[in-house]
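To start, the structure under review is shown below, and the notes come after it.
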Amino acid sequence: MSVDLTTKYGHITISNEVISTVAGGAAVECYGIVGMASKNQLRDGLAEMLRRENFSRGVVVRQEDEQLHIDMYIIVSYGTKISEVAHNVQSQVKYTLNKTVGLSVSSVNIFIQGVRVINE
Amino acid sequence: MTLRKLEGTTLAEMILQGAHHLKSNSQMIDALNVFPVPDGDTGTNMNLSMSSGAEEVKNVSANHAGLVSQAFAKGLLMGARGNSGVILSQLFRGFSKALEEKETITTKDFAEALQGGVKTAYKAVMKPVEGTILTVARETGEASVTLAEKEEEFLPFIQGVVDAARESLKGTPELLPVLKEVGVVDSGGQGLLTIYEGFLANLKGEEMPEHSTMNSMGEMVNAEHHKLAQDFMDTDDIKYGYCTEFMVKFEEEKLAETPYKEEAFREVLSEHGDSLLVVSDEELIKVHIHTEHPGNALNLGQQYGSLVNMKIENMREQHTSIVGDKKQTKPREKAGYGIVTVAMGDGMKKLFESLGANVVIQGGQTMNPSTKDISDAIVEAHANNVLILPNNKNITMAAEQAAELAEVNAAVVPSKTIPQGISALLGFNPEADLIANQEEMSSLMAQVKSGQITYAVRDTQIDGLSIEKGHFMGISEGKISSAQKDKLATAKDLLKEMIDEEEDEIVTIISGEEANEQEVEALEAYLEEHYEDMEVEIHRGDQPIYSFVFSVE
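Chains as they are written, first to last, in my numbering: chain V, 1 to 120; chain W, 121 to 673.
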């Protein structure tokens, strides 16, 4: 699956891989996120943290009709306001995709897969 | 007055004043907000978070610094709003953790607590972005440790903390490119500095002026323009056309008549436009507004004093020169060649334009443009030589009449179908004369085979086929070659009829309004399976009536 844009010089095809990497990159720059989690916890072990090259496993890009939906599986830091962190991720992912890829996202769904507790 | 031990009540008062000072400056901080998302809410979010923290602090009755800071951290966490709010809550969560056991605080404790806040805050982020509130917190924390080593008194210590934060904030544009580009400091960092400034003012026993940083007006204006530039793609979208900036120097007599209240003034001005910034101190008001009637805004300002340093810019003019709006450019020179064609559907229009057509008249089967429509299009093409491609045999006559009537040289390339029109356009040579082009394009046009899929509007008998209403018809070169209930089956039959594997190389599918992607994909798959040597090109034409237009060459 991919997203197609048509310009006066020709077509641009952006693969879902690209969208998920951009979305993942925007998300980890967001405050309060300590990692991306695999969407498939049972198969990949408990909320295994994903490295950059594996972002796509924690980001699912879906196209329904003409609309783009993104599901993100993230791990947040203990002691943050989780709903707020999730909301920040949503707005930043939407903004970044719009700015860098020119895509308008219909929904960014956040799944909190884990909380990382750090010794204080 | 010397203060070496900070008590719980003093800390609480410092926090309350920090919150108050942040609140008075939140609009200014909003205006600076260009990162991470330029939505202008950093100040509002920080203020809401901080207010929630301050509320909790108010409820603490014990004179115990540890308890005060704990309550503060709890309130911040509950009220955290936005990225900056969450960071703020983390900074003070670490801060309070370090002070948990302390009834009173020394400067060393305070410095350690600031450092603790930084540590906690950095732990909660995978990839810290420098040049933000995090940087300001970290650099200030580091500086405070050195400060605390030689300074046991709180007043000079906190003064040092504020100076360090201000210095660090100044450096943020060097660390974060977007800030440098816009010419502002980080809004979250500004917020943190504002809180520290509130701490200091409380220790000094001072009332804070509402705006500590008049000189950041320029930054705020830059940030407003930056945000605005992202909003408008089209000059027509600008609702308020004049960027108006002015200062009002207060005059006693006028103030006696109309007392100045910043909130009220801002309120009134906000009805006259947007991107509003109002900053004032005892002597001056600075105003920046985008408005349609700059005079009104100036009049409002003049109630309080005399106007100084006015600047009014027409943003539409500026925007036009930036985007190069065609509509407002001077009469352009006539082009050598213009091409007028007829097609239906947005995709089709774009397709023809991409091939070099200057004017695409919406029309075709069931909606033939008149001679006048074509004549108008010839004028619109604005060229010395105009080629007309009617793409439909019913329009050829009108096109020829229009060509005769035209004041410029005009010739018709009698294309009967869309594929013919497309092929003909590919043969256009801007160097050749009109007649040569007409001949060359007409001959190219004959080399392409055209087919269309459409539906029957009534039962009929034609070309030896009996067709039922609602069935699909495959038309090859104007002759109905197949008619079936199933659209795809009809399309496949038509393609079979059209393609000669020995001679043909390219099949182009132009999908219409009534064709969906699955159908296009199915056809593509069918072609790839049965005619593997053929190249398949797919375009979206969005034409009505014809689900598919095929061309084979």
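Using N, Cα and C, we set each Cβ at its ideal position, and we do this for glycine too.
These figures come from a predicted structure and were not determined experimentally.
Contact defined as beta carbons within less than 8 Å: I believe residue i pairs with residue j. What is the distance between those atoms, to the nearest angstrom?
{"i": "I626 of chain W", "j": "I658 of chain W", "result": "The pair is not a contact, with the Cβ atoms about 11 Å apart (cut-off 8 Å)."}
{"i": "E175 of chain W", "j": "G202 of chain W", "result": "Going by Cβ atoms, the distance from E175 of chain W to G202 of chain W rounds to 18 Å, so no, they are not a contact pair."}
{"i": "L585 of chain W", "j": "I573 of chain W", "result": "At roughly 15 Å, the Cβ-Cβ gap does not stay under 8 Å, so L585 of chain W and I573 of chain W are not in contact."}
{"i": "K616 of chain W", "j": "E639 of chain W", "result": "With a Cβ gap of about 17 Å, K616 of chain W and E639 of chain W do not count as contacting."}
{"i": "V101 of chain V", "j": "V22 of chain V", "result": "6 Å"}
{"i": "R124 of chain W", "j": "E273 of chain W", "result": "6 Å"}
Kindly indicate the opening and closing residues of the beta strand (DSSP E) around residue i.
{"i": "I459 of chain W", "result": "A455 to A463"}
{"i": "E655 of chain W", "result": "E655 to R660"}
{"i": "I629 of chain W", "result": "I626 to S631"}
{"i": "A566 of chain W", "result": "Looking at the DSSP string, A566 of chain W is not in any beta strand (DSSP E), and its letter there is neither H nor E."}
{"i": "I12 of chain V", "result": "G10 to S15"}
{"i": "A603 of chain W", "result": "K599 to Q604"}
{"i": "I59 of chain V", "result": "For the sequence presented, residue 59 of chain V should be read as Val rather than Ile. Note, V59 of chain V: beta strand (DSSP E), V59 to E64."}
{"i": "Q482 of chain W", "result": "V479 to Q482"}
{"i": "S171 of chain W", "result": "Where S171 of chain W is concerned, there is no enclosing beta strand (DSSP E), although the alpha helix (DSSP H) it sits in stretches over T162 to K178."}
{"i": "G195 of chain W", "result": "Taken as a continuous stretch (DSSP letters only), G195 of chain W belongs to no beta strand (DSSP E), being part of the alpha helix (DSSP H) at A185 to G199."}
How would you label residue i, buried or exposed, when you count the other beta carbons within 10 angstroms and need 16 or more for buried?
{"i": "I481 of chain W", "result": "buried"}
{"i": "T378 of chain W", "result": "exposed"}
{"i": "R258 of chain W", "result": "buried"}
{"i": "G680 of chain W", "result": "There is no way to answer for residue 680 of chain W, as the model of chain W reaches only from 121 to 673."}
{"i": "S204 of chain W", "result": "buried"}
{"i": "A417 of chain W", "result": "buried"}
{"i": "E271 of chain W", "result": "buried"}
{"i": "S189 of chain W", "result": "buried"}
{"i": "M435 of chain W", "result": "buried"}
{"i": "M487 of chain W", "result": "exposed"}
{"i": "N549 of chain W", "result": "exposed"}
{"i": "E365 of chain W", "result": "buried"}
{"i": "T164 of chain W", "result": "buried"}
{"i": "M63 of chain W", "result": "Because residue 63 of chain W is not part of the residues shown, which for chain W are 121 to 673, the question remains open."}
{"i": "Y9 of chain V", "result": "exposed"}
{"i": "V669 of chain W", "result": "buried"}
{"i": "N179 of chain W", "result": "exposed"}
{"i": "T94 of chain W", "result": "Here chain W comprises residues numbered 121 to 673, so residue 94 of chain W is not present and cannot be evaluated."}
{"i": "Q567 of chain W", "result": "exposed"}
{"i": "Q148 of chain V", "result": "Outside the shown range of chain V, which is 1 to 120, sits residue 148 of chain V, and nothing can be said about it."}
{"i": "H126 of chain V", "result": "Outside the displayed span of chain V (1 to 120) sits residue 126 of chain V, for which this structure offers no information."}
{"i": "E317 of chain W", "result": "buried"}
Please go through the same chain and pick out, in chain order, the residues whose beta-carbon is closer than 8 Å to the beta-carbon of residue i, but skip the five residues on each side of it.
{"i": "T88 of chain V", "result": "It should be pointed out that residue 88 of chain V corresponds to Asn in this sequence rather than to Thr. Only C30, Y31 and G32 meet the Cβ criterion."}
Starting from the C-beta of residue i, find all residues in its chain whose C-beta is less than 6 Å away, skip the five residues before and the five after it, and write them out in chain order.
{"i": "I19 of chain V", "result": "V61"}
{"i": "A477 of chain W", "result": "I459 and T461"}
{"i": "V715 of chain W", "result": "Nothing can be reported for residue 715 of chain W, as the shown portion of chain W is limited to 121 through 673."}
{"i": "E412 of chain W", "result": "Y360 and G361"}
{"i": "S107 of chain V", "result": "H69"}
{"i": "Q663 of chain W", "result": "M464, G465, M468 and G632"}
{"i": "S15 of chain V", "result": "S2"}
Who are the near neighbours of residue i in its chain, counting only those whose CB is closer than 7 Å to its CB and skipping five residues on each side?
{"i": "I110 of chain V", "result": "M72, I74, A86, V89 and Q90"}
{"i": "Q235 of chain W", "result": "G261 and V265"}
{"i": "V76 of chain V", "result": "G32, I33, V34, I82, V85, I112 and V115"}
{"i": "L312 of chain W", "result": "I253, V256, A257 and A285"}
{"i": "E339 of chain W", "result": "L152, G303, V304 and V305"}
{"i": "N504 of chain W", "result": "K454, G456, V528 and N529"}
{"i": "Y78 of chain V", "result": "V115, R116, V117 and I118"}
{"i": "A642 of chain W", "result": "L608"}
{"i": "V206 of chain W", "result": "A200"}
Looking at the strands, I want to know which residues DSSP matches up with residue i.
{"i": "V368 of chain W", "result": "W:I405 and W:L427"}
{"i": "G114 of chain V", "result": "V:I75"}
{"i": "V108 of chain V", "result": "V:I70"}
{"i": "E433 of chain W", "result": "W:C363"}
{"i": "N505 of chain W", "result": "W:Y457 and W:N529"}
{"i": "M593 of chain W", "result": "W:T574 and W:A603"}
{"i": "T580 of chain W", "result": "W:I587"}
{"i": "H413 of chain W", "result": "DSSP output for H413 of chain W lists no bridge partner at all."}
{"i": "M36 of chain V", "result": "V:I74"}
{"i": "L5 of chain V", "result": "V:I12"}
{"i": "D88 of chain W", "result": "Residue 88 of chain W cannot be examined here, being either before or after the span of chain W that is shown, 121 to 673."}
Over the uninterrupted alpha helix (DSSP H) stretch that includes residue i, give me the two end residues.
{"i": "S91 of chain V", "result": "I82 to T100"}
{"i": "I619 of chain W", "result": "Careful: I619 of chain W lies outside any alpha helix (DSSP H) and carries neither H nor E."}
{"i": "I315 of chain W", "result": "S307 to K324"}
{"i": "L289 of chain W", "result": "F274 to L295"}
{"i": "Q638 of chain W", "result": "E637 to H650"}
{"i": "V245 of chain W", "result": "First-last for V245 of chain W: undefined, no H or E at that position."}
{"i": "M468 of chain W", "result": "D466 to S474"}
{"i": "L545 of chain W", "result": "I538 to L546"}
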